[in-house]
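Student:
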Amino acid sequence: MANSAIFNNIKIMADDLQYFIEWSKNLIGYVSNRGQLFPLNAIWGLYVDLEFSEDTGISWETLIHPDDYDEFIEQMKLLHQQKRATIETRIIAKDETIHWIKWDLFYRDDKEWTYIVGTDITQSKHAEQESIELKEFYETMISDVQVSLENISKDGTILSVNSVFVDLYGWKKAEVLGKNVAELVQWEDDDYERIIEMVATGNKIASYKVTRRRKSGEKIDISLTISPIHNKNGEVISYCILSRKYTKEKRLETLLEQQRLKLKEANRRMTAFLKSISDGLCVVDQDYRVLYANEPLKCLFKKSDIVDGCELWSLFPENHLNKYKHKYIDALENHNTVLFQDYFPNMEKHIAINIFPTNDGMIIYYHDNSTMVKSVEALSESERLFERFANNVNDVLWIAAPDFKEWKYISPAFEKMVGLPAEKLMENPMVMEDFIHSNDLPKVVSISEKMLEGEYSVDYRMKTGDEGRERWFRSKGFPVFKDGEPEAIVGVTEEITDQKQRDELLIKSEKLTSVGQLAAGIAHEIRNPLTSIKGFIQILSINKYVPQGYIEIMMSELARIESIVNEFLLLARPPRDIQFQPYQLEQILEEVVSLLRAEANLRGIEIIENIEQNLVHLMCAPNQLKQAFINLIKNAIESMDVSGKINVNLYEKNNQLHVKIIDQGSGIPKDSLEKLGDPFFSTKEKGTGLGLMITMKMIEDHGGTIHFDSEVGIGTTVTASFPIQRKVKLI
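Note that this note's numbering has the sequence shown beginning at 8, numbered continuously upward.
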């Protein structure tokens, strides 16, 4: 139940779960309600042919070993009541090799599926079987020896005896196992201590004559042969004692030699097997005493002093026993195979522990899993860092298929930037084309195809948000390869609307500068001859023979030319000639509105003021700003053919003062809106465009910006913004 609670609390993204399944070393799949197997990860390819029909899946009958098939199918049928089960079976792989697999089955009522996780336990099974065979061989060999045989530990504890020992000395096996041999059999004099001292140095004692006692107390003369038993490092770990009565010596001598050779061979095979195991291994009896511990185990636990016969619990720290002692007990008492993992703080290691019960105890494998655990933790941490980064960065991070027909990942910033949930785009990748500006779509498609060749970027416009506002974006992507083939396109998308607007302002500013320089030259070239012409016309006006109507027309046109020349001079006037002073912007606007209200009333137009008061003073040239706002409001009045309203708003926002003029005129077409401010472009029939250029230059000289929004048939909104607390541009 604890593990279920843990997994219920984990929120795993779909991509992360797919990644985990794909790279898992376990066989992961599901079984349909018709009993068909469908693999979910590539590891199945080591055992079965993955080219199967989506309708039929893989047949269990061709996979499960015939001897295990009926039991496996029976367990599958019981899942409807039990919901989960574990069973070990053999399978026949595609290369006809046989593997042992432990299957964990999980049935879901709501899906009518059975999830299945398979773990290859072939090596463990083989190791267990070989250990059992060696043990059976050893026990068979002992029972077949026709002389009394005792296996004792270095401290004299009897570990095993054969039936001949029982017949010779009169004790049953249960009466002697675990007892001290010196006390039980009662050696005469100091024979035992002297003999053991000799054998402990590695010497073999053959045909040594001693007197020993039977259970009844009877003394018998015995011929002993005592041999040391070594581990793979050559260390003495126990002793083998062969004893027989004198009367049988000759008859048994040949047989004894044969059995000795068998014992030597068994010891050689056992030693070779134990040396081949790289993981920690120990053999434990039914009293939880360590009968054998290999060198890798001693190195793993950094305990070179592990001795045969020591208690298993002495190997572990208390916190490990508190958590997992019951698992060792369960394995031994209930004869269950147990697998689990624990972290040992004193060693700073993650240890995987596999316990295999035997008839006389259990065999325990200890494998250092630290490297794998650290790799998994590092991967998880990288994923957490990436997710945290992707969730907080303003730009959109994305991963697409090489043909852009599938989006594998889109960061959360996409929805904030575009107004479309990333899930919608991942469900239907083609929906992106509905948002990209039609004029930019061919360019986007072309550059996207080039991203397979290297790093490319493309600028384009998109409709964003509920209002469909058009904004500029830049996407940059590059290919990622696997086995020489492009696996995905990885990229980032950023909004560059402000940058594009700055670029446009810079271009217009450069145009204004160029036009200003040109205007200065033209004005000076025109003004002198214009003065001469005006003087001669005034002289002609005295002549009564010249029609006065012609004179008036010429003087009117000359006045218009002078007005245009004066506008040229205003356009060419450098900002350093302007005198700035702190002034209230609301006062300037109120004066301009008062000046133009009469003209607006004559046209049936109402000017509505929404002007915040007591705003901060702006460093400005009041007369220049007054002229700029007169031009803007007059344009608004002239754009309205019928009565309506003009809203003049002043407010502070984001450390700027904003003046917004909203009319209900005919509006400006989109293609014309982009040309506003260009030299000699005007939407008026007889306009020169210089008035708006001058207005824009005046606002720019004050460090401000101007923006136009317009819709044909609805009207135009002009927004002029001025920064607060900045140094005004003087040069």
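A virtual CB, placed ideally from N, CA and C, is assigned to each residue, including glycine.
If you compare alpha carbons, which of Lys222, Thr218, His237, Tyr372 is closest to aspartate 228?
Tutor: Thr218
Student: Out of curiosity, what's the CA-to-CA distance linking glutamate 413 and glycine 484?
Tutor: 15 Å
Student: Measuring alpha carbon to alpha carbon, tell me which of Asp127, Val173, Val38, Tyr54 ends up nearest phenylalanine 113.
Tutor: Val38
Student: Going by the beta-carbon positions, is the gap between isoleucine 637 and leucine 602 smaller than 8 Å?
Tutor: yes
Student: Given a cut-off of 8 Å, decide if glycine 241 and valine 372 are closer than it, judged by their beta-carbon atoms.
Tutor: One point to set straight first is that residue 372 is tyrosine, not valine, in the sequence displayed. No.
Student: Name the two residues that bound the continuous beta strand (DSSP E) containing methionine 83.
Tutor: Not the beta strand (DSSP E): methionine 83 falls in the alpha helix (DSSP H), residues 73 to 89.
Student: Given a cut-off of 8 Å, decide if leucine 459 and proline 436 are closer than it, judged by their beta-carbon atoms.
Tutor: no
Student: Between the region 264 to 282 and the region 164 to 184, are three or more C-beta pairs nearer than 8 Å?
Tutor: no
Student: Would you list, in sequence order, the uninterrupted beta strand (DSSP E) runs of no fewer than 3 residues that lie entirely inside the region 208 to 251?
Tutor: 212 to 220, 226 to 237
Student: So is alanine 727 buried or exposed if we call it buried at 16+ other beta carbons inside 10 Å?
Tutor: It counts as buried.
Student: Going by beta carbon distance, what residues of the same chain come within less than 6 Å of aspartate 402, once the five residues before and after it are set aside?
Tutor: Val499, Glu501
Student: Specify, as a first and last residue, the run of the alpha helix (DSSP H) that proline 303 falls within.
Tutor: 302 to 308
Student: Under 7 Å Cβ to Cβ from glycine 651, same chain only, skipping five residues before and after it: list those, please.
Tutor: If the five residues before and after glycine 651 are omitted, its C-beta is found closer than 7 Å to the C-beta atoms of Ile612, Gln671, all from its own chain and listed in chain order.
Student: Where does leucine 166 fall in DSSP's three states?
Tutor: strand
Student: Grouping DSSP H, G and I as helix and E and B as strand, with all else coil, what is proline 486?
Tutor: strand
Student: In angstroms, rounded to a whole number, what distance separates the CA positions of serine 245 and isoleucine 108?
Tutor: Distance between the alpha carbons of serine 245 and isoleucine 108 is about 38 Å.
Student: Report buried or exposed for histidine 709, applying the criterion of at least 16 other Cβ atoms within 10 angstroms of its Cβ.
Tutor: Buried is the call here.
Student: Grab the span of the beta strand (DSSP E) containing lysine 470 for me, first residue to last.
Tutor: Bounds of the beta strand (DSSP E) holding lysine 470 are 463 to 471.
Student: Extract the residue ranges of the alpha helix (DSSP H) inside the region 626 to 665, only unbroken runs of 4 or more that lie entirely within it.
Tutor: Considered as a whole, the region 626 to 665 harbours 629 to 645 as its complete alpha helix (DSSP H) runs of no fewer than 4 residues, in chain order.
Student: By Cβ distance below 8 Å, which residues in the same chain neighbour cysteine 317 in space, the five residues on each side in sequence not counted?
Tutor: Arg296, Val297
Student: Roughly how many whole angstroms lie between the Cα atoms of aspartate 111 and isoleucine 360?
Tutor: 19 Å
Student: Where does aspartate 315 land, buried or exposed, given buried means 16+ other C-beta within 10 angstroms?
Tutor: buried
Student: Determine the contact status of tyrosine 463 and histidine 444, defining contact as a CB-CB distance below 8 Å.
Tutor: no
Student: Please state if the CB of aspartate 75 and the CB of threonine 104 are separated by a distance shorter than 8 Å.
Tutor: no
Student: Measuring only the C-alpha atoms, how far is glycine 127 from alanine 300?
Tutor: In the sequence as presented, glycine is not what sits at residue 127; that position holds aspartate. Taking the straight line joining both Cα atoms gives about 26 Å.
Student: Need the endpoints of the beta strand (DSSP E) that phenylalanine 59 sits in, please.
Tutor: No residue range can be given for phenylalanine 59, since it is assigned to no beta strand (DSSP E) and is classified by DSSP as neither H nor E.
Student: Could you give the first and the last residue of the continuous alpha helix (DSSP H) run that contains glutamine 594?
Tutor: Boundaries of the alpha helix (DSSP H) harbouring glutamine 594: 592 to 609, taken from the DSSP string.
Student: Three or more C-beta pairs under 8 Å: does that hold for the region 590 to 609 against the region 622 to 630?
Tutor: yes
Student: Using the rule of at least 16 other Cβ atoms within 10 Å of the residue's Cβ for burial, across every protein chain shown, is threonine 121 buried or exposed?
Tutor: buried
Student: Phenylalanine 280 bridges to which residues according to DSSP?
Tutor: Answer by DSSP bridge pairing: none, since phenylalanine 280 is not bridged.
Student: Among Gly368, Cys306, Asn656, Arg220, which one has its Cα closest to the Cα of glutamate 597?
Tutor: Asn656
Student: Per DSSP, what kind of secondary structure is aspartate 670 in: helix, strand or coil?
Tutor: coil
Student: Assign lysine 704 to one of two classes, buried (16 or more other C-beta atoms within 10 Å of its C-beta) or exposed (fewer than that).
Tutor: Under this definition lysine 704 is a buried residue.
Student: Between methionine 369 and valine 380, what straight-line distance do the alpha-carbon atoms span, to the nearest angstrom?
Tutor: 27 Å
Student: Between which two residues does the beta strand (DSSP E) containing leucine 44 stretch?
Tutor: Start and end: 44 to 46.
Student: If you run the structure through DSSP and keep just helix, strand and coil, what is alanine 92?
Tutor: strand
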